[in-house]
Ligand SMILES: NC(=O)c1ccc[n+]([C@@H]2O[C@H](COP(=O)([O-])OP(=O)(O)OC[C@H]3O[C@@H](n4cnc5c(N)ncnc54)[C@H](OP(=O)(O)O)[C@@H]3O)[C@@H](O)[C@H]2O)c1
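Residue numbers (the numbering used here): 2 to 160.
Written as structure tokens, this is what we have:
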């Protein structure tokens, strides 16, 4: 079950603000949808709400502690272990798309990360969890910029 994380992260580790992305970077949104296309996605209930619906072309797994929650075109699950069980025999790449607790709890099971590093401190209220950089090797890196931000698309593999 190959789990991968995809996230866009500011220099101060901010990933969100007021349940939205704190930036508008069209190239990063395009990159996100290109990388996840057709793959199962795992997200927390707030990230689901911030996206505003199920992602097309993907199996959508939404984590919530609310056992009454039902969401259109999504499978609602209630624990990380339920998700790990679902994909234990899977060989396809399963994308972990946030937020904070979901990233943190899946990190031990993840062997690839697609991280967009935004080279600025950004005001926000949600952060990427701490991770051990020395456990990862960069396999791809591309720098780019928009009118407001410079950023790098980095792919990391667990050593
Ligand atoms: N920059 C990026 O790449 C990126 C990516 C994703 C999200 N974001 C941003 O991050 C923010 C949303 O993330 P967030 O960290 O606030 O929330 P989140 O992780 O998306 O959702 C949190 C919710 O997920 C559920 N949950 C978490 N762990 C669970 C577990 N082990 N078992 C069952 N349910 C669990 C709970 O739902 P219930 O309360 O329903 O029980 C919890 O309240 C937004 O601002 C969004 O724009 C940014």
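Every residue, glycine too, gets a C-beta built ideally from N, C-alpha and C.
Values in this document were obtained by computation on a predicted structure and should not be read as measured data.
Kindly identify the DSSP beta-bridge partner or partners of residue i.
i           : result
residue 137 : 159
residue 61  : 42 and 75
residue 154 : 117 and 143
residue 21  : 18
residue 8   : 116
Assign residue i to one of two classes, buried (16 or more other C-beta atoms within 10 Å of its C-beta) or exposed (fewer than that).
i           : result
residue 34  : exposed
residue 5   : buried
residue 86  : exposed
residue 29  : buried
residue 117 : buried
residue 41  : buried
residue 61  : buried
residue 39  : exposed
residue 157 : buried
Margin query: Taking 8 Å as the cut-off, does the segment 44 to 51 touch the segment 93 to 108 (at least 3 CB pairs, one atom from each stretch)?
Written below: Proximity of the segment 93 to 108 to the segment 44 to 51 meets the contact definition, three or more beta-carbon pairs being nearer than 8 Å.
Item checked: Those runs of the beta strand (DSSP E) which lie wholly inside the segment 68 to 127 and span at least 3 residues -> If only complete runs of 3 or more residues are kept, the segment 68 to 127 shows the beta strand (DSSP E) at 75 to 78, 95 to 97 and 111 to 119, in order along the chain.
Next item on the list: Say whether the segment 46 to 60 touches the segment 73 to 80, bearing in mind that this needs 3 or more beta-carbon pairs closer than 8 Å, one atom from each stretch.
Entry: The count of Cβ pairs closer than 8 Å, one atom from the segment 46 to 60 and one from the segment 73 to 80, reaches three, so the stretches are in contact.
Item checked: Three-pair Cβ contact test at 8 Å for the segment 8 to 18 versus the segment 62 to 71 -> At 8 Å Cβ cutoff, the stretches do not touch.
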